[in-house]
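Position one of the sequence shown corresponds to residue 11 (my numbering), numbered consecutively onward.
Using N, Cα and C, we set each Cβ at its ideal position, and we do this for glycine too.
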Amino acid sequence: MLTLPVEKRTDESAGAPALRRAGTLPGVVYGAHHEATPIAISMSAFTKVLDEAGEATVVSLTGLGESLPTLIHEVDLDPLTNQPRHVDFYAVTKGEKVQVAIPIEFVGESPAVEAGANLVKVLHEIEIEADPMNLPHEFTVDLSVLATVNDQIHVRDIKLPSGVTLVTDAEEVIALVQEVAAEKEEVAEPADITSVEVEKKGKEEGAEETAAPEEKK
Numbered sequence: 011m012l013t014l015p016v017e018k019r020t021d022e023s024a025g026a027p028a029l030r031r032a033g034t035l036p037g038v039v040y041g042a043h044h045e046a047t048p049i050a051i052s053m054s055a056f057t058k059v060l061d062e063a064g065e066a067t068v069v070s071l072t073g074l075g076e077s078l079p080t081l082i083h084e085v086d087l088d089p090l091t092n093q094p095r096h097v098d099f100y101a102v103t104k105g106e107k108v109q110v111a112i113p114i115e116f117v118g119e120s121p122a123v124e125a126g127a128n129l130v131k132v133l134h135e136i137e138i139e140a141d142p143m144n145l146p147h148e149f150t151v152d153l154s155v156l157a158t159v160n161d162q163i164h165v166r167d168i169k170l171p172s173g174v175t176l177v178t179d180a181e182e183v184i185a186l187v188q189e190v191a192a193e194k195e196e197v198a199e200p201a202d203i204t205s206v207e208v209e210k211k212g213k214e215e216g217a218e219e220t221a222a223p224e225e226k227k
């Protein structure tokens, strides 16, 4: 289990921007059996754990007395820098079921795609319910089973670990292959030469009138 040292924030007069400038990430931990507690975490330590754990792996928080098993529930990111601004941890209890979205890892190559078809990835995560101590880190989907056009992989094709149940509809499509749409050739419209012909004819008539000698009376 991953561990992350944290400190309880007792002085909340220090604003979040000041904490972040000091390399500290403000956060909060709460749960069904845990009172909401403001905390502070080293920014570098948190980003390392986030990269490894994501939001589907139990992270043990230390520094609050006994080690506290939690899930990273929500990370608020700065829209400009994409850096964490605040994090929520959810304290879990052994035996308590939680619903979590597990990311999908696509592996392999589809023979149909290699033959020229298009690959369409419909889902990138699957929601499940399980004991937090038995959460899978990710689901692996092998694209090599997509052998022909119109082949599909469904949620029901995922092998679930013991004690894990689906929340996402089992009939939803995860990925499929389809034919490449044929491009229609653009047919050039014939040029409208009516005005050109009329103009030419007008010029010829004008030329004849100019060439005709004026009759002397």
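Per DSSP, the bridge partner or partners of residue i
i, result
"F56", "The partner list for F56 (beta bridge, DSSP) is empty, contrary to what the question assumes."
"H44", "G41"
"S70", "T13, P79"
"K18", "I49"
"E115", "T150"
"E106", "Paired residue(s): none; E106 is not in a bridge."
"E182", "In DSSP, E182 forms no bridge with anything."
"P36", "A50"
Per-residue DSSP class, three states only, for residue i
i, result
"V177", "coil"
"D98", "strand"
"E124", "helix"
"V155", "helix"
"E62", "helix"
"S23", "Because the pLDDT at S23 is just 49, under 50, the model does not fix this residue reliably, and the value given afterwards should be weighed accordingly. DSSP places S23 in coil when its eight states are reduced to three."
"L29", "helix"
"P89", "coil"
"P142", "helix"
"V165", "helix"
Nearest-angstrom Cα separation, counted from residue j out to residue i
i, j, result
"S120", "M53", "40 Å"
"T67", "D61", "11 Å"
"T72", "R31", "23 Å"
"E65", "I82", "5 Å"
"A42", "P36", "21 Å"
"V174", "K107", "9 Å"
"V16", "L74", "7 Å"
"H44", "A185", "40 Å"
"V130", "V183", "10 Å"
"E229", "L170", "The first residue shown for the chain is 11 and the last is 227, placing residue 229 beyond what the model contains."
Integer Cβ distance of residue i from residue j, believed to fall under 8 Å
i, j, result
"A26", "H96", "7 Å"
"V110", "L145", "6 Å"
"V151", "F116", "5 Å"
Close-in-space but distant-in-sequence residues of the same chain around residue i (CB under 7 Å, 5 per side omitted)
i, result
"T158", "A122"
"T177", "In the sequence as presented, Thr is not what sits at residue 177; that position holds Val. Closer than 7 Å at Cβ, skipping near neighbours: Q109, E137, I138, E139."
Residues near residue i in its chain [Cβ-Cβ closer than 6 Å; skip 5 each side]
i, result
"D84", "Note that residue 84 is Glu in the sequence shown here, rather than Asp. Within the same chain, E84 has close Cβ partners D98."
Neighbourhood of residue i by C-beta distance below 8 Å, restricted to the same chain and skipping five residues each side
i, result
"Y40", "A46, T47, D98, F99, Y100, A101"
"L29", "L35, P36, A50"
"G126", "V190"
"K58", "none"
"E181", "H164, V165, R166"
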